[in-house]
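Notes to accompany the following structure.
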Amino acid sequence: MSQRIKRVNELLKHEISQLILREIDFPDILVTITDIDTSADLRHTKVKISALPQDKNELAIEIINQNIFRIQQKLNKKLHMKPIPKIRFEIDQVEIKAQRIEELLSKNKS
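In terms of the numbering used here, the sequence shown is residues 2 to 111.
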């Protein structure tokens, strides 16, 4: 991964985190951005999230997707770069799998 992509990922993670925190109301859900992956041509970005409680992951994605146009608009106004990547949110499956492994290990200790 190039230095530019790394810097863009860091910038996007910061800005999207702030937008989600300030602009979107999640009822009793804590949403965290776990990873950002921007394409080499800077046209697309996958934003992976996790939610607590974990059974609210689908609801969190649904709420974010209802607000994705507003998030994209605010990014377009705030960031001084071309092109501004088109963002897509998805649930971070790594977090879910890690939680499942922890549950299995806890059961085996008992």
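The beta carbon of each residue, even a glycine, is placed where N, CA and C say it ideally should be. Note that this is a predicted model, so its numbers are computed, not measured.
Worksheet item: Among ASN58, ALA41 and PRO86, which residue has its Cα nearest to the Cα of GLU96?
Response: ASN58
Item to complete: Flag this pair as yes or no: are the beta carbons of ALA41 and ALA52 separated by less than 9 Å?
Response: no
Discussion item. Would ILE50 and THR33 qualify as a contact pair, given that the criterion is a beta-carbon distance under 9 Å?
Written reply: yes
Worksheet entry | Whole-angstrom C-beta distance between LEU76 and GLU1, which should lie under 8 Å | Residue numbering for the chain in the displayed model covers 2 to 111; residue 1 lies beyond these limits and cannot be assessed.
Worksheet item: Are the beta-carbon atoms belonging to ILE72 and ILE6 less than 9 Å from one another?
Response: no
Worksheet entry | ILE62 (DSSP reduced to helix, strand or coil) | helix
Worksheet item: At which residues does the beta strand (DSSP E) containing ALA52 begin and terminate?
Response: 45-53
Practice prompt. Output the boundary residues of the alpha helix (DSSP H) element that contains ILE21.
Written response: 4-24
Worksheet item: Does the Cβ of LEU13 have 16 or more other Cβ atoms within 10 Å, making it buried, or fewer, making it exposed?
Response: buried
Worksheet item: How big is the Cα-Cα spacing for ASP93 and THR46?
Response: 14 Å
Discussion item. Can you check which of these residues, ILE65, ILE85 and ILE102, is closest to ILE25 by C-alpha distance?
Written reply: ILE65
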